[in-house]
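Note that this note's numbering has the sequence shown beginning at 423, numbered continuously upward.
Don't be surprised by glycine CBs; every beta carbon is placed ideally from N, CA and C.
Quick caveat, the model's predicted, so the values are computed rather than measured.
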Amino acid sequence: MAKNSVSRRSFIAMGAAAALLPGAAFAHPLYGGDDTAPTFTRDPNLLPPPSADQDFPIATYAQNLPPQFRMQQVTIGVQNPAGAIVIDPDNRFLYYMLGGDQAIRYGVGVGREGFAWSGDAYIGMKRKWPRWVPPESMVQRDPNARKWANGMPGGPDNPLGARAMYLFANGQDTQYRIHGTNEPSSIGHAMSSGCIRMLNEYVADLFDRTTVGTHVRVLASQQNTASFFQ
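Listed below in structure tokens is the structure:
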């Protein structure tokens with residue numbers, strides 16, 4: 423992995439994300455709908471989403487990414503707590519902190535305008551080749567999602583990709599994830615519904631570095647991260 427340098431001023435200028443208010447934290451975006459939207463029934467035996475029964479090979483796409491979005495070790499110019507994750511949506515980066523002034527940086531895809539979110543959370547659950555369960559509001563508005571109301575099996579065609587880390591706050595699932603993708607060209611862009619997507623090969627690497635309980639901070643746009651590193 424190549425070593426890059428990030429100036430203290432530019433990194434601190436990203437912005438320190440304030441934790442969201444209790445009860446309002448990580449409220450999932452509403453997709454709209456009307457009174458004629460079809461009803462459906464969740465099968466509680468299928469929740470939470472399990473890992474797939476089989477493993478699948480992970481295709482590599484890193485060579486197709488612009489250099490700045492490839493996995494690399496960087497110098498961030500400020501001291502940081504080892505093992506934490508900081509996500510910078512403005513620049514489409516996820517940092518896995520190594521301690522000292524070092525971090526591993528990955529390129530990510532982020533929520534498009536109107537679906538972005540920020541705040542503090544932790545990894546509450548981890549799954550390999552997870553089943554995708556679309557949000558209720560998406561099922562009601564999108565016929566393609568409706569057939570997967572009780573979950574799309576894990577595999578290479580699944581929107582969650584090879585791995586998913588489920589973000590929790592105050593003991594509850596926020597409905598947001600750090601996950602892989604079946605659309606590698608989305609990395610570096612804002613097009614997901616609020617979740618953080620990574621190349622499958624990168625999310626598998628991050629998955630192996632993290633544990634349940636890992637602290638995750640998603641920065642609000644143009645706010646300051648200095649307090650995170652103190």
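Rounded Cβ spacing between residue i and residue j (contact assumed at less than 8 Å)
i	j	result
Ser-540	Leu-641	6 Å
Ala-504	Met-519	6 Å
Phe-515	Val-530	7 Å
Val-625	Ile-609	Actually they do not touch by this definition, with Cβ atoms about 11 Å apart.
Ile-545	Val-634	6 Å
Gln-495	Ile-526	6 Å
Per-residue burial, residue i [other beta carbons within 10 Å of its own, 16 or more giving buried]
i	result
Pro-479	exposed
Asn-592	exposed
Ser-614	buried
Ala-449	Residue placement at Ala-449 is flagged as unreliable, the pLDDT there being 32, under the threshold of 50; a coordinate-derived value is accordingly withheld.
Asp-630	exposed
Thr-482	exposed
Gln-597	buried
Gly-521	exposed
Gln-562	buried
Best match in the options for proximity to residue i [C-alpha to C-alpha]
i	options	result
Arg-534	His-611, Pro-557, Lys-550	His-611
Ser-473	Ser-643, Trp-554, Val-496, Ile-545	Trp-554
Cys-617	Met-493, Gly-583, Ile-498	Gly-583
Glu-623	Ser-559, Met-574, Asp-595, Trp-551	Trp-551
Asn-513	Gln-524, Asn-502, Ala-506, Tyr-528	Tyr-528
Gln-485	Gln-644, Pro-511, His-637, Ser-607	Ser-607
Gln-524	Leu-621, Ile-507, Thr-497, Met-620	Thr-497
Val-532	Met-493, Arg-619, Arg-639, Gln-594	Arg-619
Met-493	Val-638, Leu-589, Leu-621, Ile-507	Leu-621
Distance cut-off 7 Å: residue i Cβ against heavy atoms of the ligand NAP
i	result
Gly-522	No copy of the ligand NAP appears in this structure; indeed no ligand is present at all.
Contact set for residue i: own chain, Cβ-Cβ below 7 Å, skip 5 residues either direction
i	result
Asp-579	Asn-604
Trp-570	Trp-554, Pro-556
Nonlocal neighbours in the same chain, by C-beta distance under 6 Å from residue i, ignoring five residues either side
i	result
Lys-548	Met-587
Tyr-453	Annotation note: pLDDT 25 at Tyr-453 (below 50); position unreliable, no value reported.
Residues of its chain near residue i, where Cβ-Cβ distance is below 8 Å and the 5 sequence neighbours each way are ignored
i	result
Gly-577	Ala-474, Phe-478, Trp-551
- Message: For the pair the region 557–575 and the region 478–494, tell me if three or more CB-CB distances fall below 8 Å.
- Response: Not touching, per the Cβ criterion.
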